[in-house]
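Protein chains: 2
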Amino acid sequence: MAGEERAALEGYLRDRGLKMTETRETVLEAFLKMERHVTAEELLEAARRADPSIGQATVFRTINLLAEAGLAREACSDDGTRRFEHAYRHEHHDHLLCVSCGKVVEFRDAAIERAQDAVYRANGFEPVGHRMELKGVCPRCSGAKKGGS
Amino acid sequence: MAGEERAALEGYLRDRGLKMTETRETVLEAFLKMERHVTAEELLEAARRADPSIGQATVFRTINLLAEAGLAREACSDDGTRRFEHAYRHEHHDHLLCVSCGKVVEFRDAAIERAQDAVYRANGFEPVGHRMELKGVCPRCSGAKKGGS
DNA sequence: CTTTCTGCAAAGTGTTTGCAAAAAC
DNA sequence: GTTTTTGCAAACACTTTGCAGAAAG
Numbered sequence: 001m002a003g004e005e006r007a008a009l010e011g012y013l014r015d016r017g018l019k020m021t022e023t024r025e026t027v028l029e030a031f032l033k034m035e036r037h038v039t040a041e042e043l044l045e046a047a048r049r050a051d052p053s054i055g056q057a058t059v060f061r062t063i064n065l066l067a068e069a070g071l072a073r074e075a076c077s078d079d080g081t082r083r084f085e086h087a088y089r090h091e092h093h094d095h096l097l098c099v100s101c102g103k104v105v106e107f108r109d110a111a112i113e114r115a116q117d118a119v120y121r122a123n124g125f126e127p128v129g130h131r132m133e134l135k136g137v138c139p140r141c142s143g144a145k146k147g148g149s
Numbered sequence: 150m151a152g153e154e155r156a157a158l159e160g161y162l163r164d165r166g167l168k169m170t171e172t173r174e175t176v177l178e179a180f181l182k183m184e185r186h187v188t189a190e191e192l193l194e195a196a197r198r199a200d201p202s203i204g205q206a207t208v209f210r211t212i213n214l215l216a217e218a219g220l221a222r223e224a225c226s227d228d229g230t231r232r233f234e235h236a237y238r239h240e241h242h243d244h245l246l247c248v249s250c251g252k253v254v255e256f257r258d259a260a261i262e263r264a265q266d267a268v269y270r271a272n273g274f275e276p277v278g279h280r281m282e283l284k285g286v287c288p289r290c291s292g293a294k295k296g297g298s
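Printed below as a string of structure tokens:
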């Protein structure tokens, strides 16, 4: 399964004299199982399903650790709540988000990347990185426009 | 100067039986004068320069009002703090941000829009809107790479 | 055994809300 | 005169931190 990520975390911890604990593994596993962009609260819930004794502070500490270790990355937050996405071995990608059901599709599009480079060049900027989120309604939701809330 | 925006706000307020006050005008003026993406705190400071008696709650209330009225729009927040940008008569645009000096260039690129549409179509999504931020180093900053911090 | 980690509760941010006085209509 | 608005302070939500006991190395 997610052995690669666990190994990456262990390596990061070892390098810094930190410890690989069962709790951290639980949080990591929970994080890896979650799709979409995850809030700390959702992650706490998920982790507690595996181990109800986990405290929220630990989840916050661990997700920050995962971010430092390069396994998680902050995603754009619409409201005031931070969201995290997977970052390990994830090539740069952009997001297509269903505003109705929250589904997230990750994609990479060469034409967009090329057009972005052109924008950088036209403005004389050196590219550093970008973030893009396309919002829309996914086929399932736009098809099922019957019960609509 | 910014009479158009003020008129838009007044119209919005009138429609809802709300009142156009001096305080709201002060906050609006402050907001319109600010470039980049503004936090509530920055806006509070700016508004207090014009009227030191303004309270922070009022600024929060007013910026939310501006957002409802379509004059302001939430921008992507990196940290946990909300940022707002101008939205009135601002055609949809994207941002090119200098990570060194904070300069923001707003642009619109037909090739990118077209490529985005293609992504929507390829995934069967109905487009709703998107947000894109290109990060880079502006010509001035990359040219002046001498004292670099 | 030493160091780090954990859960709890308390403290910190950024934002919202309740209230009486003040301003707009 | 009625209604909305305002500034203050208290409340709130999300995140971080301090501490004593527990676990890892």
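Heads up: the protein sequence lines correspond to chains A and B, in order. Reminder that position 122 of the first sequence reads as 122 in the working numbering, one-by-one numbering, no gaps. Reminder that position 103 of the second sequence reads as 252 in the working numbering, one-by-one numbering, no gaps. A virtual CB, placed ideally from N, CA and C, is assigned to each residue, including glycine. Since this is a predicted model, take the numbers as computed values, not measurements.
- With respect to V137 (chain A), V99 (chain A) sits close: the two C-beta atoms are nearer than 8 Å.
- Three or more pairs of CB atoms, one per stretch, sit closer than 8 Å, so the segment 235-247 of chain B contacts the segment 209-225 of chain B.
- Residue-level contact by beta carbon holds for S142 (chain A) and chain B, with a gap shorter than 8 Å.
- DSSP, read as helix, strand or coil, puts G3 (chain A) in helix.
- Among the bridge pairs identified by DSSP, T175 (chain B) is matched with none.
- At a cut-off of 8 Å between beta-carbon atoms, Y88 (chain A) makes no contact with chain B.
- The segment 202-212 of chain B and the segment 260-277 of chain B do not touch, with fewer than 3 CB-CB distances between them shorter than 8 Å.
- For R16 (chain A) and R231 (chain B), the gap between their C-alpha atoms comes out near 33 Å.
- At least one C-beta of chain A is nearer than 8 Å to the C-beta of G278 (chain B).
- In the structure shown, T81 (chain A) adopts coil according to DSSP, grouped into three states.
- In the pairwise beta carbon analysis, the segment 110-123 of chain A is classified as touching the segment 256-263 of chain B: at least three pairs are separated by under 8 Å.
- When C-beta distances to chain B are compared with 8 Å, the residues of the segment 96-108 of chain A below that value are L96, C98, V99, V105 and F107, in chain order.
- Spanning the alpha carbons of E159 (chain B) and A195 (chain B) requires a straight line of approximately 21 Å.
- Spanning the alpha carbons of A199 (chain B) and T175 (chain B) requires a straight line of approximately 7 Å.
- Ranking B:H279, B:Y161 and B:A157 by CA distance to the CA of H242 (chain B) puts B:H279 first.
- Taken atom to atom, the span from the alpha-carbon of H244 (chain B) to that of K252 (chain B) is near 10 Å.
- The straight-line gap separating the alpha-carbon atoms of P201 (chain B) and S226 (chain B) is approximately 27 Å.
- DSSP, reduced to helix, strand and coil, places C247 (chain B) within a strand of the structure shown.
- Against chain B, the beta carbon of V27 (chain A) has no neighbour under 7 Å; the closest one sits roughly 20 Å away.
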